[in-house]
Amino acid sequence: DPGPSLFAGDFPNILQCAYLHLVPREECDRAYPGQITPNMVCAGDEKHGKDSCQGDSGGPLVCGDRLRGLVSWGNIPCGSKEKPGVYTDVCRYGHWIRKTIQAN
1 DPGPSLFAGD FPNILQCAYL HLVPREECDR AYPGQITPNM VCAGDEKHGK DSCQGDSGGP
61 LVCGDRLRGL VSWGNIPCGS KEKPGVYTDV CRYGHWIRKT IQAN
């Protein structure tokens, strides 16, 4: 159950899953002033303090049956209620992804 932690170098042997909420852009901008670009989306669980953490980079943020983002970066300690995780917004790269797949 991903929650608040400091990186200790120990990784679970079982795949972890957390139910997160997309965070409005304004909240994300307030949490990380000047650091959020249009190619980023934030998500977290402010009620329970769950989030992605070290070792999760590149992992999926899924909404329903659609890939929404890829784990990029966030705050340490992980799972801070005030600082959501930051994800690459794959919706912004749809055209490039399709073009790259077709070319290969």
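Residues 1 to 104 in full-length UniProt numbering are what the sequence shown lists, from first letter to last.
Every residue, glycine too, gets a C-beta built ideally from N, C-alpha and C.
Computed from a predicted structure; not experimentally measured.
Can you tell me whether residue i is buried or exposed? The criterion is at least 16 other CB atoms within 10 Å of its CB, across all chains shown.
i, result
"residue 28", "buried"
"residue 53", "buried"
"residue 58", "exposed"
"residue 20", "buried"
"residue 99", "exposed"
"residue 38", "exposed"
"residue 84", "buried"
"residue 74", "buried"
For residue i, which residues in the same chain have their Cβ closer than 6 Å to its Cβ, ignoring the five residues on either side in sequence?
i, result
"residue 10", "none"
"residue 26", "none"
Which same chain residues, not among the five before or five after residue i, have their C-beta less than 8 Å away from its C-beta?
i, result
"residue 22", "41, 42, 43, 63 and 68"
"residue 102", "none"
Might you give, ordered along the chain, the residues of its own chain that have their beta carbon closer than 7 Å to the beta carbon of residue i, omitting 5 neighbours on each side?
i, result
"residue 56", "71"
"residue 82", "31"
Query - Complete runs of the beta strand (DSSP E) confined to the UniProt domain "Peptidase S1" (1-102) [at least 3 residues] - result: Counting whole runs of 3 or more residues, the UniProt domain "Peptidase S1" (1-102) contains the beta strand (DSSP E) stretches 21-23, 40-44, 60-63, 66-73 and 85-89.
Query raised in the report: Can you find at least 3 beta carbon pairs, one from the region 23-37 and one from the region 60-72, that sit closer than 8 Å?
Result: They do not touch, by the three-pair rule.
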